[in-house]
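To start, the structure itself, in structure tokens.
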Amino acid sequence: KIKSFDKVTFSITGHFSRNFSKPQYKVKIRNKEGLYGRKQLKLRSDGIDPTTLRSKLVADIHNRLGTPSVSANFITLYINDEYMGLYILTDAYKLSWVEEEYGEKDTTSLYQMSHCKLTLSHTCEVENENEDHPDSSEIKSFIKKLDEAESVEDVEDILDVDQFLTEMAIDYLTGGWDHIQASHNYYMFKPKGGKWLYLSYDSDLDLAGHEMYPLYRFEDYTNDIHILDVLIVRNSTRFDNIVQDIMHKVFNPATLFPRIDELKELIREYVIRDYVEDENGFYPGRINHSCWDLFSYQKWEANCDFTTIDNPQWHYTFGIKYWILARYRFLCTYYNMECDPVYMDENYEYSVDKSVEYPRELMRSPFAIEYEKNYLYRKPDAEYIDDYNNYNGDYNRYGTMYGTEFSVTTTDIFDYPHSNPIFFEIPTTSLESFGYRHHHYYDDEEVTSYIDFISNTTDFDIFDDGKEKEEEEDVYEEPSPSKSLYFMGKITITKTVSLPTSVVSTFTEITSSNEPMDNPTMTEFETETVAVN
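For the sequence shown, this note's numbering puts the final residue at 696, and the numbers step up evenly by one.
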């Protein structure tokens, strides 16, 4: 069905995106009906995303969860009968969006947030989308209450906490730092009679369209944002449950891999056409000939799957499927979840296009390096203990040991089944503080890990045969006195004796979902007017 509009503003949009040869556009329809209830739309080229899939996939994840968000679909764009290429059509958080989604006409409570981390202690720019109501006292009063909050109870009556945590969980899962973590690309909206909602947009860098390595915890990922400290860092139980629920419903390879394949085949012919030169030697829609055109069809093909490719703006961009697989595996073990054995299998096979693969070493955090050194993927139903040095402070999922506060005079035993040996590195300060070591041995099919007394001056490492080995000179950097030994994982105490402190973790087990998503479609978007004032 063809829809025509006489009064339309059609113009280039974006800030960073103006650096690309294929620009992005915004459409403002100046009549009462709009297009399917929307009066303002964006035509995204997503030039920073080699796949053109990231914005669509993140919108689909929101849709699958029933979380308010912009919608997205693929279109082909023609301007004055000239083919401009493949674009992503999205709506925008404007008054017409609120009216369509919430039935509220001319809301005065929709604010675009810029340079703002939901705190007034730093710069926080807000803009009311209702031009007839520029007052910002309402949103600033709300942010002031967030600044004053010290517990979830302090904000439960003004902020939709579950919706907010769901958005934070989606960002955490997808590596979506380009929203509140970067102080932009989000709105705050308060429905009439309701609580404040967080609405993110611009997801072309999500699903690790940048160099963020997929093995990270929330405390490694987040910036210093007070409301996140209150709602997540101090007690992450509610957030952790939401993360696992999202993994169950949508963020898992069994759900997303088929969706990626489906979308990839949907747009393939249009991507191919996007890299066919016209008679003047230019690709479709590339009107900024002096600007960037970073990728190729081969890189599109590879990056949709498991190949990490170079990205001049962000060093490299992870293959979408690789990112999802790596995040899924890590979080399944981190939360001790029962996950899909197909994708937890260390022998799971996938291909990488070596001809376009990023050729240099990837950047990893100290935590990721330590984790990969000590960890092999295990059966999802196995209990385990991973030891590593955590230098970021106390978090509730870890059991900590401080000998300066406790007297330990006997052994404590922890049992767990495991078929692979684990290498334990013991900080010297742990030995000096309470004079105990942690090691393990095999007893038939059961591995027992225990702590017993040693002298304060012994430095050693324990290997899989349970024998001590003298530490080689200059192998490890001696930890500073502030560091402590942490246990990660699920621990079963089989003998109750004196222990430096409680070592307990609880986890919620869930299963993955294989439900299909809605079938996608292609749409042609035509305009005969470049700009109408």
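Virtual Cβ for every residue (Gly too), placed ideally from N, Cα, C.
query = CA-CA distance, Arg397 and Arg523?
reply = 37 angstroms
query = What did DSSP end up calling Ile321 once you bin it into helix, strand or coil?
reply = Looking at Ile321 - three-state DSSP - the assignment turns out to be coil, as it is neither helix nor strand.
query = Taking Cβ to Cβ, would you say Pro213 is nearer than 8 angstroms to Asn451?
reply = no
key: Reference Leu252, options Leu273, Gln203, Val289 and Asp269, closest by Cα   = Gln203
Length of the line joining the Cα atoms of Glu263 and Asn182 = 33 angstroms
query = Between His342 and Tyr350, is the Cβ-Cβ spacing less than 8 angstroms?
reply = no
task = Using only alpha-carbon positions, find the residue among Val324, Glu267, Asp209 and Ser174 that is nearest to Thr230.
result = Val324
key: Pairwise C-alpha distance: Ser528 and Asp383   = 9 angstroms
request  = May I ask you to report which of helix, strand or coil DSSP gives Leu216?
outcome  = coil
request  = Return yes when at least one heavy atom of the ligand SAM lies under 7 angstroms from the C-beta of Lys202, else no.
outcome  = Questions concerning the ligand SAM fall outside what the structure shown contains, since it holds no ligand whatsoever.
query = Would Met410 be called buried (16 or more neighbouring beta carbons within 10 Å of its own) or exposed?
reply = buried
ask   = Do His278 and His347 come within 8 angstroms of each other at the CB atom, strictly closer than that value?
value = It is a contact, given that the beta carbons lie within the stated cut-off.
task = Check Ile430 in the structure and name its three-state DSSP category.
result = helix
request  = Reducing DSSP to helix, strand and coil, say where Gln187 ends up.
outcome  = strand
ask   = Between which two residues does the beta strand (DSSP E) carrying Phe493 extend?
value = Looking at the DSSP string, Phe493 is not in any beta strand (DSSP E); the run it does join, the alpha helix (DSSP H), is Ile483 to Tyr497.
key: Sub-8 angstroms separation of Arg436 and Phe530 beta-carbons   = no
inquiry  = Pop quiz: Ile405 and Ala332 are said to be a contact at Cβ under 8 angstroms. What is the actual Cβ separation, rounded to whole angstroms?
reply    = 5 angstroms
CA-to-CA distance, Trp340 to Asp403, given in whole angstroms = 18 angstroms
inquiry  = I want to know whether the stretch 299 to 307 touches the stretch 372 to 379 - three or more CB-CB distances under 8 angstroms.
reply    = By the Cβ test, the stretch 299 to 307 is not in contact with the stretch 372 to 379, since fewer than three Cβ pairs between them sit closer than 8 angstroms.
task = Could you name the residues of the same chain whose beta carbon sits closer than 8 angstroms to that of Asp456, not counting the 5 residues immediately before and after it, in chain order?
result = Phe183, Ser184, Lys185, Gly210, Tyr446 and Arg449
task = Can you give me the Cβ contacts of Val439 inside the same chain, cut-off strictly under 8 angstroms, excluding the 5 residues immediately before and after it?
result = Same-chain partners within the cutoff: Tyr446 and Pro447.
inquiry  = With the cut-off set at 8 angstroms, would you say Lys358 and Ile395 are in Cβ contact?
reply    = no
Beta bridge counterpart(s) of Ile192 as assigned by DSSP = Val171
query = Given that a residue counts as buried once 16 or more other Cβ atoms are within 10 Å of its Cβ, and exposed if not, what is Tyr188?
reply = buried
key: Asp516 versus Ala489 - alpha carbon distance   = 18 angstroms
key: Euclidean distance between Cα positions of Leu370 and Tyr364   = 14 angstroms
task = Answer with yes or no whether the minimum CB distance from Ile430 to chain B is below 8 angstroms.
result = Although the question refers to chain B, the structure presented lacks it and comprises just one protein chain.
task = Would you mind giving the Cβ-Cβ distance between Ser299 and Val289, rounded to the nearest angstrom? I have them listed as a contact below 8 angstroms.
result = 5 angstroms
request  = Taking the CB atoms as reference points, tell me whether Tyr511 and Thr471 lie closer together than 8 angstroms.
outcome  = no
query = Among Thr172, Met507, Glu501 and Tyr491, which has the Cα closest to the Cα of Tyr335?
reply = Tyr491
task = Check whether the Cβ atoms of Ala255 and Val221 sit closer than 8 angstroms, and answer yes or no.
result = Taking 8 angstroms as the Cβ cut-off, Ala255 and Val221 do not qualify as a contacting pair.
request  = Please check the pair Asp367 and Arg227, which I expect to be a contact at CB under 8 angstroms, by giving their CB distance rounded to whole angstroms.
outcome  = Not really, about 19 angstroms apart at Cβ, beyond 8 angstroms.
Status (buried if at least 16 other CB within 10 Å, exposed otherwise) for Glu292 = buried
Bounding residues of the beta strand (DSSP E) (the contiguous stretch that carries Ile242) = Ala235 to Ile242
ask   = Looking at Arg193 and Ser259, is the spacing between their C-beta atoms short of 8 angstroms?
value = No, they are not a contact pair.
Assumed close pair Ile487, Leu419 - CB separation to whole angstroms, cut-off 8 angstroms = 5 angstroms
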